[in-house]
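**Student:**
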Amino acid sequence: MALMAVSLAFTLAFSAAAAQAAPPRPPAAAIASAHPLATAAGSDILRAGGNAFDAAVAVSAALAVVEPYSSGLGGGGFWLLHVADTGRDVMVDGRERAPLAATADMYLDADGDFVPERSLNGPLAAGIPGAPAALVHIAERYGRLPLAASLVPAIELARDGFEIDPVYTRLARWRRDVIAASPAAAALFLADGAVPAPGTRLRQPDLAATLLRLAREGHDGFYGGALARKLVAGVREAGGIWRLRDLAEYRVVERAPVTARFDTPTGHWRLVSAAPPSSGGVALAQMLNMLGGFDLAALDPADRAHVIIEAMRRAYRDRAVFLGDPDQVDVPVERLTHPFYAAGLMRDFRMDRATASRPPDLARPAGADTTHFSILDTHGNRVAATLSINYPFGSGFVPPGTGVLLNDEMDDFAAQPGVPNAYGLIGGAANAIAPGKRMLSSMSPTFVESDEQVVILGTPGGSRIITMVLHGILAATGLEPAAGSSAADWVAAPRFHHQYLPDEVVVEPQALSPAVRQSLERRGHALTTADRRYGNMQLVHWQRAQDRVEAASDPRGIGAAALIETIPVAGASNHWSQPQTQPLRTTP
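Those letters in the sequence shown? Residues -21 to -1, 1 to 567, per mature numbering (1 follows the signal peptide of the UniProt record, and there is no 0), in order.
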């Protein structure tokens, strides 16, 4: 699909005195998401007087309807927020939790060997969802509109249906047998046992009813009452271990994001990214700290690729050893993200030779399909959110009468030290299964900002998420000079990836020239060409100095970017007031 990117610039007629009295505000709002219908949902909410946080609720819920292969009410995610009025950055952690009956050996057979199918397919693979709680929390704590108003677009999409796309068909074909094993899922996502053709209208009346209950009753509408009983009964009848207490005790957690500062030829930059149980912010800070020891822009392409690969390698090693749920294990974030620590990681670096990846000591005591969107409103509020149900179509299981497709995020735990999960990632004690624990994630919603610019970005892509976001940062901040100068260039640029083990560099077609590939191979790197282009980056760029906003949706996906002309309501950025454009119904 042709790249969906759009840019817009306005000249604001502020006097010099007014400009000094208040921080600059964007000339337009912007949304980039992985599906055009989700982008449209968020745009409608902004036009109705909502802020970026209301739009985030609308986009999240719409994606739960139109991208059942990527996210949903049965999954979770991280919502990174910037509140313009106070300058506060916060991460809303809506990650799934292990059921309270979970055990460290629940996916091992009688011989103690890991059985991957148990952590990927069916209700035993499902963690307790966090997405519904996050939507309620964001609407109540940060939104201006009632939750019910922001859920209207998703309710209508679920009730009236939408035409499925080729991505749906391809991924449903891959997971058809797993979906077919759940009668409620098969009735929703298949047609007489077969994968429906693109253009088929998908209606989800049970999901519409669940969204309506959430709109009317808030948190208790999903985690208590009749719906909770249906969810638990369906899971347990099919062999899962959920209990009503698991749902009743679920709460989102607000966490301080990981931050770091770094310099580039385009200025002094600040990174704001996801905190544990995401590994993204720590890994990005580590990689940027390591790369800060080199003049990347001045290096030849082969040397630059070599340095970046070696930084990736070291950050992913630490991911396996140190990172997990900070509520249950000690994660030394401050030490891991310190520039002195990064210098130590690079002490054995050689420009002429690849470093060997050897299995690390994992005895330290105690997702391919996801989705992302980026939002900026005219008040300056912003959201980067990455959401997931892990594998395409998650666990493939729907509890009857709910319409909720459950995740298979339990596979993100280290079911056995040193044994790779579905994405080839290894882990140890820090990410071992434990009751009520949040599993480690690669989801990396991120802001990077300088005095002149703000970039909001993120992407799906399982273990490759962090390195894709790194590539986006390097492009946006001028550290990869050949990447181009627009948001459209940054999201379209080809990528390469290294995750410590397996010890190989996965390269998108056209990412590295033949000469660069040969140079890397001579240094000892093993290069593998990806079967197809990967990732689906969604990016918003506010050029403060030029008073310009642009947004871009990755051409690898079917998403859409949009700019929205809205009228900010002075002094009321986080409270409901009468919309100044075409009104939206506030009761579903």
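Each residue gets a CB set at the ideal place from its N, CA and C atoms; glycine is no exception.
Since the structure is predicted, the reported quantities are computational estimates derived from the model, not experimental observations.
Could you tell me whether the Cβ atoms of Ala424 and His351 are closer together than 8 angstroms?
**Tutor:** Residue identity check: residue 424 is Pro in the sequence provided, not Ala. Against a cut-off of 8 angstroms, the Cβ pair of His351 and Pro424 comes out as a contact.
**Student:** Between the Cα of Leu480 and those of Ser464, Ala164 and Ala505, spot the shortest distance and give me the residue it belongs to.
**Tutor:** Here the closest residue by C-alpha is Ala505.
**Student:** For Val94, does the three-state DSSP call read helix, strand or coil?
**Tutor:** Three-state result, Val94: coil.
**Student:** Thinking just about the alpha-carbon of each residue, which of Arg496, Gly359 and Pro111 is nearest to the one in Ser50?
**Tutor:** With distances taken between Cα atoms, Ser50 lies closest to Pro111.
**Student:** Using the beta-carbon count (16 or more within 10 Å), is Ala549 buried or exposed?
**Tutor:** Legend: pLDDT at Ala549 = 42, less than 50; position of this residue unreliable, value from coordinates given subsequently. Classification for Ala549: exposed.
**Student:** Per DSSP, Trp469 forms a beta bridge with which residues?
**Tutor:** Trp469 pairs with nothing; no bridge assigned.
**Student:** Buried or exposed for Met418, please, with buried defined as at least 16 other CB atoms from any protein chain shown within 10 angstroms of its CB.
**Tutor:** buried
**Student:** Whole-angstrom Cβ separation of Tyr121 and Phe201, contact assumed at under 8 angstroms?
**Tutor:** Between the beta-carbon of Tyr121 and that of Phe201 there is about 19 angstroms, and that puts the pair past the 8 angstroms contact cut.
**Student:** Tell me which residues share the same chain as Leu190 and place their Cβ nearer than 7 angstroms to its Cβ, disregarding the 5 neighbours each side in the sequence.
**Tutor:** Here Leu190 has Ala40, Leu130, Ala133, Ile134 and Ala137 as same chain residues with Cβ atoms under 7 angstroms from its own Cβ, once five neighbours each way along the sequence are excluded.
**Student:** Could you have a look at Arg123 and say whether DSSP puts it in helix, strand or coil?
**Tutor:** coil
**Student:** Just the Cα atoms here: how many angstroms apart are Ala411 and Gly56?
**Tutor:** 19 angstroms
**Student:** Please confirm if the region 77 to 86 is in contact with the region 218 to 227, defined as three or more CB-CB distances below 8 angstroms between the two stretches.
**Tutor:** yes
**Student:** Please report the distance separating the alpha-carbon of residue 568 from that of Arg149.
**Tutor:** Any question about residue 568 goes unanswered here, given that the chain covers just -21 to 567.
**Student:** Does the Cβ-Cβ distance between Thr316 and Ala264 come in under 8 angstroms?
**Tutor:** yes
**Student:** Which residue wins for smallest C-alpha separation from Gly197, given the options Ala364, Val519 and Leu126?
**Tutor:** Leu126
**Student:** Check whether the Cβ atoms of Thr508 and Val486 lie closer than 8 angstroms to each other.
**Tutor:** A Cβ-Cβ contact shorter than 8 angstroms links Thr508 with Val486.
**Student:** In this structure, how does DSSP classify Leu87 when only helix, strand and coil are distinguished?
**Tutor:** strand
**Student:** Let's test the definition: count the other Cβ atoms within 10 Å of the Cβ of Ser464 and tell me whether it reaches 16, buried, or not, exposed.
**Tutor:** exposed
**Student:** For Ser336, write down the residues that DSSP places opposite it in a beta bridge.
**Tutor:** For Ser336, which the question treats as bridged, DSSP gives no partner whatsoever.
**Student:** Leaving out five residues before and five after Arg224 in sequence, what residues of the same chain have Cβ atoms less than 7 angstroms from its Cβ?
**Tutor:** Leu79
**Student:** Alpha carbon to alpha carbon, how far is Asp64 from Val214?
**Tutor:** 43 angstroms
**Student:** Using 10 angstroms around the beta-carbon of Phe301, count the other beta-carbons present and answer buried if the total reaches 16, otherwise exposed.
**Tutor:** Per the 10 Å Cβ criterion, buried.
**Student:** Just how far apart, CA to CA, sit Arg67 and Glu428?
**Tutor:** 14 angstroms
**Student:** Could you please give the first and the last residue of the uninterrupted alpha helix (DSSP H) stretch that includes Arg361?
**Tutor:** Segment Arg361 to Ser367 is the beta strand (DSSP E) holding Arg361; no alpha helix (DSSP H) there.
**Student:** Gln432: buried (16+ other C-beta within 10 angstroms of its C-beta) or exposed?
**Tutor:** buried
**Student:** Who pairs with Gly420 in a beta bridge, going by DSSP?
**Tutor:** Rather than Gly, the amino acid found at residue 420 in this sequence is Ser. Partner(s): Ser257.
**Student:** Could you tell me if Phe241 is buried or exposed, where buried requires 16 or more neighbouring beta carbons within 10 angstroms of its beta carbon?
**Tutor:** buried
**Student:** Which residue marks the beginning of the alpha helix (DSSP H) containing Ser50, and which one marks its end?
**Tutor:** In the DSSP assignment, Ser50 falls outside any alpha helix (DSSP H), carrying neither H nor E.
**Student:** Determine whether the beta carbon atoms of Ala455 and Val484 lie at a separation below 8 angstroms.
**Tutor:** no
**Student:** Going by DSSP in three states, Asp327 sits in which element: helix, strand or coil?
**Tutor:** coil
**Student:** Which residues in the same chain as Asp185 place their Cβ atom closer than 7 angstroms to its Cβ, once the five residues preceding and following it in sequence are excluded?
**Tutor:** Gly380, Thr381 and Gly382
**Student:** Hey, Gly503 and Gln517: beta-carbon distance below 8 angstroms or not?
**Tutor:** no
**Student:** Secondary structure at Leu190, three-state DSSP: helix, strand or coil?
**Tutor:** helix
**Student:** What would DSSP say about Leu278, mapped onto helix, strand or coil?
**Tutor:** The answer is coil: DSSP assigns Leu278 none of H, G, I, E or B.
**Student:** Give the secondary structure of Thr425 by DSSP, where H, G and I count as helix, E and B as strand, and everything else as coil.
**Tutor:** strand
**Student:** Hey, how far is the Cα of Trp469 from the Cα of Gly54?
**Tutor:** 29 angstroms
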